[in-house]
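Numbering (the UniProt record's numbering), first residue to last: 1 to 201. Okay, so here's the structure we're looking at.
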């Protein structure tokens, strides 16, 4: 009998195949059969792991959120005792498409977003991850304010909404090749400096 790890690896391979299709051809190109072809598997295998397309798409969203979380954790591990300013740069900078992998993920997010605009079910599910990130950053900023490590006069939630909107807008401009990733990071850091002060020296 296959081990649990084998099942998890197979599900991960199928989900990765879905996201490759989403990032290159859009979510409208995603079908169970196309995922099977992309993954080098049979349709029956895809149907074994995912009852229907909706289940498959939900798994793709969860994996995108997981990839962002792993990217943030990987970058945060490079430093210890991050200030709130540094923590925000790590999180928001991880959203920006700065390499091939993060660019592919950003394109997949965009594909989901485009479909969610006219698909109420997918739209409801797709809001969970951004809402969780907004709540996390707001709590992080409020805690820093309480500890005297961030300006107390800031409206924490409003500032987080603005910073996330900036990161998402910069992501769109990088994907559209209006500007490069380095320029986008510069703009993001400039705004972080204005709101939270420069990084600790």
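The beta carbon of each residue, even a glycine, is placed where N, CA and C say it ideally should be.
*Length-filtered (4 minimum) alpha helix (DSSP H) runs lying within the region 70-149*: Counting only runs of 4 or more, we get 84-95, 100-116, 120-126 and 128-146.
*Looking at the unbroken alpha helix (DSSP H) that takes in residue 173, where does it start and where does it end?*
156-175
_Complete alpha helix (DSSP H) runs within the UniProt domain "HTH tetR-type" (8-68) (minimum length 4 residues, chain order)_ = 32-39 and 43-49
*Sequence-distant residues of the same chain with beta carbon closer than 8 Å to residue 75, five excluded per side*: The residues are 90, 93 and 94.
*So does the region 186-195 actually touch the region 108-119, counting three or more Cβ pairs closer than 8 Å?*
no
*Which two residues bound the contiguous alpha helix (DSSP H) that contains residue 184?*
Start and end: 181-196.
*Identify, in the order they occur along the chain, each residue of the same chain with its Cβ nearer than 6 Å to the Cβ of residue 174, setting aside the five sequence neighbours on each side.*
97, 181 and 184
_Please report the straight-line C-alpha distance between residue 179 and residue 88, rounded to a whole angstrom._
22 Å
_Stretch pair the region 155-171 + the region 49-61: three plus CB contacts closer than 8 Å_ = no
_Beta-carbon separation (whole angstroms), residue 129 vs residue 61, contact threshold 8 Å_ = 7 Å
*Is the distance from the Cβ of residue 161 to the Cβ of residue 141 below 8 Å?*
no
*asked:* Pairs of beta-carbons, one from the region 103-116 and one from the region 32-52, closer than 8 Å: are there three or more?
replied: no
*Note down, in chain order, each residue of its chain lying with its Cβ closer than 8 Å to the Cβ of residue 64, except the 5 sequence neighbours on either side.*
Closer than 8 Å at the Cβ level, and outside the excluded window around residue 64, lie 19, 105, 108, 109, 112 and 129.
*Going by alpha carbons, who is nearest to residue 68 out of 82, 133 and 33?*
133
*Buried or exposed: which applies to residue 15, given that a residue is buried once 16 or more other Cβ atoms fall within 10 Å of its Cβ?*
With 16 or more neighbouring CB atoms inside 10 Å of its own CB, residue 15 falls in the buried class.
*Going along the chain, which residues of its own chain have a beta-carbon closer than 7 Å to the beta-carbon of residue 46, five neighbours each way excluded?*
14, 32, 35 and 36
*Between the Cα of residue 149 and the Cα atoms of 169, 85 and 190, which residue gives the shortest distance?*
85
*Taking just the CA atoms, how far does residue 12 sit from residue 6?*
10 Å
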